[in-house]
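Protein chains: 2
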Amino acid sequence: MKLVEKNSIEFVEVLASKAAVPGGGGAAALVGAIGTALGSMVCNLTIGKKKYAEYDEANKEILERATQLQGEFLNMVDEDAKEFLPLSKAYGLPSSTEEEKKIKAETLENALKNACQVPIKIVRTCYDAIKLHEALVDKGSKLAISDVGVGVQCLRAALISGQLNVTININMIKDEVFIKSVKEETDRLVAEGTKIADEVYKKVEKML
Amino acid sequence: MKLVEKNSIEFVEVLASKAAVPGGGGAAALVGAIGTALGSMVCNLTIGKKKYAEYDEANKEILERATQLQGEFLNMVDEDAKEFLPLSKAYGLPSSTEEEKKIKAETLENALKNACQVPIKIVRTCYDAIKLHEALVDKGSKLAISDVGVGVQCLRAALISGQLNVTININMIKDEVFIKSVKEETDRLVAEGTKIADEVYKKVEKML
Chain A
412 MKLVEKNSIE
422 FVEVLASKAA
432 VPGGGGAAAL
442 VGAIGTALGS
452 MVCNLTIGKK
462 KYAEYDEANK
472 EILERATQLQ
482 GEFLNMVDED
492 AKEFLPLSKA
502 YGLPSSTEEE
512 KKIKAETLEN
522 ALKNACQVPI
532 KIVRTCYDAI
542 KLHEALVDKG
552 SKLAISDVGV
562 GVQCLRAALI
572 SGQLNVTINI
582 NMIKDEVFIK
592 SVKEETDRLV
602 AEGTKIADEV
612 YKKVEKML
Chain B
412 MKLVEKNSIE
422 FVEVLASKAA
432 VPGGGGAAAL
442 VGAIGTALGS
452 MVCNLTIGKK
462 KYAEYDEANK
472 EILERATQLQ
482 GEFLNMVDED
492 AKEFLPLSKA
502 YGLPSSTEEE
512 KKIKAETLEN
522 ALKNACQVPI
532 KIVRTCYDAI
542 KLHEALVDKG
552 SKLAISDVGV
562 GVQCLRAALI
572 SGQLNVTINI
582 NMIKDEVFIK
592 SVKEETDRLV
602 AEGTKIADEV
612 YKKVEKML
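Chains as they are written, first to last, in this note's numbering: chain A, 412 to 619; chain B, 412 to 619.
This is the structure in structure tokens:
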């Protein structure tokens, strides 16, 4: 059974357990999906209302993109779990001889790089979803604007959580070029993303 | 079917729709449950390990309390939805005559006060769960410490989201004494709670 096919009670229960998955990465992806869905909800409550007719086209575009990102987040809950198995297998490889040590180091390096991919994608997708909320805060129905605030807070948390999961993998990777490129990208997205999220939240607060 | 009995795909889908519930309150409660579960996971991965034996008793207490809070958060997902119906009914009451206006105003005031209760409880429960993470960050296994960081970020988002949902109800309530007491409590818990959450997160960052 896929993790996203569990109900909330079951998901939270297995998350709380010592089971290998889901962990922080899968949790971040689900919180990202929840944050994005709140943006979609505000679009759905705004589109078709006379008062916001001028934004209908823009809001439809936001909704289409948000629906896509929401699906990607949900996929990432299980993708993140899949990358954990090869990593834990690599840790278990024998390392008695020089030859075994070499194979283990190479296998582990590759597994760590693979395990980085979903957290990197979580960071990118959170950034994109925060940008959608930035557009939405000026175009969404005032009656639902608090939900843009909740959405952006969830995405801010998922963004930083994605970065944490990038960091724990990167700290064990040896390839300096890989590390530099991933760190540069994710650090920039987290710095910009949290800044935009905080600005969107402040706008929401003022509207209430 | 209870909202927490939906799987993640279904929950996110109905959240994104224009359906009256779940909204930002229910989303905040679920994100609070996820954040708390990550703390429980770190307890479960630490308890029984020789290296952290001195913290076993303390971690068991944290785990027990976290499990309790986690259940409360999950209950609040559906509790929040239940309070929405009487509120939306109150808005629909007739207000042609003076008598009707009076009844509508009173019904609405009561429904708004009731609708405040779950968001207030979300704020309180997030604060308590953040305090658990504050204790855990010094006692949890270093191998899982990033998950304390993810947990505390989720709880920070749920805390602020709870407050947003308090604010939208309070803004329509007339009872000044009620407003003052609720605002004082939630403002204090949010100010302290976000401060502690940020400190815990910084500690986690330094440990990675």
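Glycine is no exception: its CB is placed at the ideal position from the N, C-alpha and C atoms.
Beta-carbon gap between residue i and residue j smaller than 8 Å
i, j, result
"Gly436/A", "Asp489/A", "no"
"Leu456/A", "Ala555/A", "yes"
"Met487/B", "Ile533/B", "yes"
"Met452/B", "Lys462/A", "no"
"Lys515/A", "Leu504/A", "yes"
"Val559/A", "His544/A", "yes"
"Val548/B", "Val615/B", "yes"
"Asn418/B", "Lys417/A", "yes"
"Asn531/B", "Val593/B", "The question names Asn, but residue 531/B is Ile in the sequence shown. A contact, by the Cβ cut-off of 8 Å."
"Lys550/B", "Asn470/B", "yes"
"Phe484/A", "Ala440/A", "yes"
"Glu520/B", "Lys591/B", "no"
"Phe495/B", "Ala438/B", "no"
"Ile420/B", "Val415/A", "yes"
"Lys500/B", "Ser506/B", "no"
Backbone secondary structure at residue i - three-state DSSP
i, result
"Thr508/B", "coil"
"Gly503/A", "coil"
"Lys613/A", "helix"
"Met618/B", "helix"
"Lys515/B", "helix"
"Lys413/B", "coil"
"Glu494/A", "coil"
Any C-beta of chain C under 8 Å from that of residue i
i, result
"Glu510/B", "Absent from the structure: chain C. Protein chains present are A and B."
> At what residue ranges does the region 415 to 490 of chain A contain a whole run of the alpha helix (DSSP H), taking only runs of 4 or more?
Replying inline: 419 to 427 and 435 to 457
>> Under 8 Å: do the region 550 to 567 of chain B and the region 439 to 454 of chain B share three or more Cβ pairs, one atom per stretch?
In response: yes
> Would you say the region 415 to 430 of chain B touches the region 569 to 584 of chain A, given that touching needs at least three Cβ pairs under 8 Å?
Replying inline: no
>> Within 8 Å, do at least three Cβ pairs link the region 472 to 490 of chain A to the region 576 to 589 of chain A?
In response: no
> For the 8 Å Cβ check, are there 3 or more pairs between the region 603 to 618 of chain A and the region 530 to 547 of chain A?
Replying inline: yes
> What runs of the alpha helix (DSSP H), each 4 residues or longer, lie entirely inside the region 519 to 595 of chain B?
Replying inline: 556 to 581
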